[in-house]
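Let me begin by presenting the structure, written as structure tokens, before commenting on it.
In the UniProt record's numbering, the protein residues as written are 1 to 177.
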């Protein structure tokens, strides 16, 4: 929690909202409300709560300076036909990021809010047995690694990215190019 971070470090400068689940795959009309809500709660409401309490902590400890990085997905940009809840949650996270960045800028706070949209990254969220087929859809010929996302987060958390605000950073091996 942000309170634990304040107790340990005395301040909150960077928040990375990285929780996410894929949920149940299938057509929208087969999706239960419970399965839909579970994905929305983790992926979108979790991002909302991370932003909300991150902003409060930054106002309290850094005079309103910091960086919030929301990990979304390319599915939040183009949608996946058999992952409607996931796509909606990540698209919602994208627009929440934009709205929050604008609001904070209009309040003259120096808290930047940006999105990172990973493509296929070699993690447990990749469906078992689909690695080879998915890799064939990536122009660079391989899935990304978690460190690829970590490096863009280091940049966005640093003062080197001081003019990046409300932006979408797509890290997908040219899949959407």
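Beta carbons: idealized from backbone N, C-alpha and C, even for Gly.
Note down, in chain order, each residue of its chain lying with its Cβ closer than 6 Å to the Cβ of residue 87, except the 5 sequence neighbours on either side. Position 87 of the chain shown, counted from the start, is the residue given in the question as residue 87. Excluding residues within five positions, the ones whose Cβ falls inside 6 Å are 75, 79, 80.
On the criterion of 16 or more Cβ atoms from any shown chain inside 10 Å, does residue 51 qualify as buried, or is it exposed? Sequence index remark: in the chain shown, residue 51 carries index 51 (1-based). When all chains shown are included, residue 51 counts as buried.
DSSP-derived helix/strand/coil call for residue 91: Residue 91 sits at position 91 when you count from the first residue of the chain shown. Note: residue 91 maps to helix in three-state DSSP.
Tell me whether the beta-carbon of residue 18 lies closer than 7 Å to the beta-carbon of residue 71. As a first step, residue 18 is located in the chain shown; it is residue number 18 there, counting from the start. As a first step, residue 71 is located in the chain shown; it is residue number 71 there, counting from the start. Yes, the Cβ-Cβ distance between residue 18 and residue 71 is below 7 Å.
Which value, in whole angstroms, describes the spacing of the CA atoms of residue 97 and residue 167? For the purposes of this step, residue 97 is taken as the residue at position 97 of the chain shown. For the purposes of this step, residue 167 is taken as the residue at position 167 of the chain shown. C-alpha separation (whole angstroms): 8 Å.
Hey, out of 48, 175, 149, whose CA is closest to residue 99's CA? In the chain shown, counting from the first residue as 1, residue 99 sits at position 99. Of 48, 175, 149, the residue nearest in Cα terms is 48.
For the ligand SAH, is there a heavy atom less than 6 Å away from the beta-carbon of residue 75? In the structure shown, the ligand SAH is absent, as is every other ligand, since no ligand is present at all.
For residue 169, report the span of its beta strand (DSSP E) as first-last. Locating residue 169 in the chain shown gives position 169, where the first residue counts as 1. Unbroken beta strand (DSSP E) run through residue 169: 168 to 171.
Could you tell me whether the Cβ atoms of residue 116 and residue 58 are closer together than 7 Å? What you label residue 116 is simply residue 116 of the chain shown in a count that begins at 1. What you label residue 58 is simply residue 58 of the chain shown in a count that begins at 1. No, they are not a contact pair.
C-beta contact flag for residue 214 and residue 21 at 7 Å: Since the first residue shown for the chain is 1 and the last is 177, residue 214 is missing from the structure and cannot be characterised.
Measure the alpha-carbon distance for residue 10 versus residue 43 and round it to whole angstroms. The count along the chain shown starts at 1 and reaches residue 10 at position 10. The count along the chain shown starts at 1 and reaches residue 43 at position 43. When the Cα atoms are used, residue 10 and residue 43 turn out to be separated by approximately 28 Å.
Using a Cβ-Cβ cutoff of less than 6 Å, which residues in the same chain neighbour residue 91 once the five nearest sequence positions on both sides are dropped? What you label residue 91 is simply residue 91 of the chain shown in a count that begins at 1. Excluding positions up to five away in sequence, the list reads 76.
Between which two residues does the alpha helix (DSSP H) harbouring residue 4 extend? Taking the chain shown and counting its residues from 1, one reaches residue 4 at position 4. That run of the alpha helix (DSSP H) goes 2 to 9.
Extract the residue ranges of the beta strand (DSSP E) inside the stretch 77 to 155, only unbroken runs of 3 or more that lie entirely within it. Here the runs fully enclosed are 110 to 118.
List the residues that DSSP assigns as beta-bridge partners of residue 67. For the purposes of this step, residue 67 is identified with residue 67 of the chain shown, where counting begins at 1. Bridge partners of residue 67: 14, 112.
Go to residue 175, then tell me how far its alpha helix (DSSP H) extends in each direction, as first and last residue. Within the chain shown, residue 175 is the residue found at index 175, counting from 1. Neither: residue 175 is in no alpha helix (DSSP H) and is coded neither H nor E.
For the alpha helix (DSSP H) containing residue 35, list its first residue and its last residue. Locating residue 35 in the chain shown gives position 35, counting from the first residue. Segment 33 to 40, the alpha helix (DSSP H) holding residue 35.
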